[in-house]
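Have a look at the structure below before the remarks.
In this note's numbering, the protein residues as written are 138 to 458.
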């Protein structure tokens, strides 16, 4: 699993992981330098009928300062749009954790700690892995494995200069607020986050047990890809450059592999949400006006993308750049 996977996840997962404590690492001089010798044009689509136009922009939630992604076409759409729709607006996310915390407390009270579910051989390796993440063992051991793994991924971003302050949705929300234009959410943040806690993770723990028994224990190799740790400069930012150039992959990989862990993440964070968003988009066409939808770029990639679910409803979104 790549340590930078959270950049490709939806805002729900990223926001959840961002609440976890992170170890402080010094940035390496030059490692995160980048250049852009191209005109940015992130992929956009148009879904419309007689009186409604919905522009759909694939985004990256965290970006480094100075990374260019704007262009005249997008600026015109921003100017024309009556409303901005994001995965979860800043206003809607406030208090979401608080509102679902009683439910989460009940889930955790009835959950057997991960270490108690693992084989005797895997338990000490689980402690090793948690120690490498820099997160408190008691917390990690008690939350569902999916939540714990998101925390591991976020911890792996320590030192990376990307931030929400420079992410696409944050920038757009600031602009729409300054212009007095409304901002809406396409989903209920609390409900999606709660789904991560309430998912039955028995199969996930079982697969984790197998992976831990196969793990050498000295490095994160085998559980996390060490590949990104050696990348520098533009190679480190390859995913961001590909997105800014408008490249759309035929497959989207969250980075958790193709086993039960990967399947669980795909179901909760991608497939289920994409299907719900397609239904939301179909209903939104009933309201006249111009909408700018800005959501994670990964939701437009792969056979279970929002675009695919729209086609399943007889709707076709047209690529406009």
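All C-beta atoms in this analysis are idealised placements derived from N, C-alpha and C, irrespective of residue type, glycine included.
Just so you know, these numbers come straight off a predicted model, no measurement behind them.
Asked, Found
"Residue burial classification, residue 257 (beta-carbon count within 10 angstroms, cutoff 16)", "exposed"
"Contained beta strand (DSSP E) runs [length at least 3] in the region 164-214, N- to C-terminal order", "181-185, 189-196"
"Span separating the alpha-carbon of residue 261 from that of residue 206", "45 Å"
"Residue 388 - DSSP class collapsed to helix/strand/coil", "coil"
"Buried versus exposed, by CB contacts within 10 Å (16 or more), residue 336", "buried"
"Residue 195 beta carbon less than 7 Å from that of residue 437", "yes"
"Unbroken stretches of the beta strand (DSSP E), 3 residues or longer, contained in the region 266-319", "none"
"Residue 213 to residue 185 span [Cα, whole Å]", "17 Å"
"CA-to-CA distance, residue 247 to residue 434, given in whole angstroms", "36 Å"
"Opposing strand residues paired with residue 426 [DSSP bridges]", "189"
"Min CB distance residue 434 to chain D below 7 Å", "Judged by its chain identifiers, the structure shown contains no chain D, having just a single protein chain."
"Beta-bridge pairing of residue 221 - partner residues as DSSP gives them", "320, 429"
"Option in 177, 405, 190 with minimal Cα separation from residue 420", "190"
"Contacts around residue 145, its chain only, beta-carbon distance under 6 Å, and the 5 residues preceding and following it disregarded", "Its pLDDT being 42, under 50, residue 145 is placed unreliably by the model, and nothing is read from it."
"Span of the alpha helix (DSSP H) around residue 351", "339-351"
"Per-residue DSSP class, three states only, for residue 248", "coil"
"Beta carbon of residue 226 nearer than 7 Å to that of residue 320", "yes"
"Beta-carbon proximity list for residue 178, same chain, < 6 Å, skipping 5 on both sides", "208, 383, 458"
"Alpha helix (DSSP H) segment containing residue 402, residue limits", "397-402"
"With 16 other Cβ atoms within 10 Å as the buried cut-off, status of residue 259", "buried"
"Given residue 344 as reference, the closest of 431, 370, 400 once Cα atoms are compared", "400"
"Per-residue DSSP class, three states only, for residue 455", "strand"
"Closest residue to residue 92 among 367, 429, 270 (Cα-Cα distance)", "For residue 92 there is no data in the structure shown, the boundaries of the chain being 138 and 458."
"Per-residue DSSP class, three states only, for residue 507", "An answer regarding residue 507 cannot be provided, because it is not within the stretch 138 to 458 covered by the chain."
"From 303, 448, 307, 267, residue whose alpha carbon lies closest to that of residue 288", "267"
"Residue 368 burial status per 10 Å Cβ neighbour count (16 or more: buried)", "exposed"
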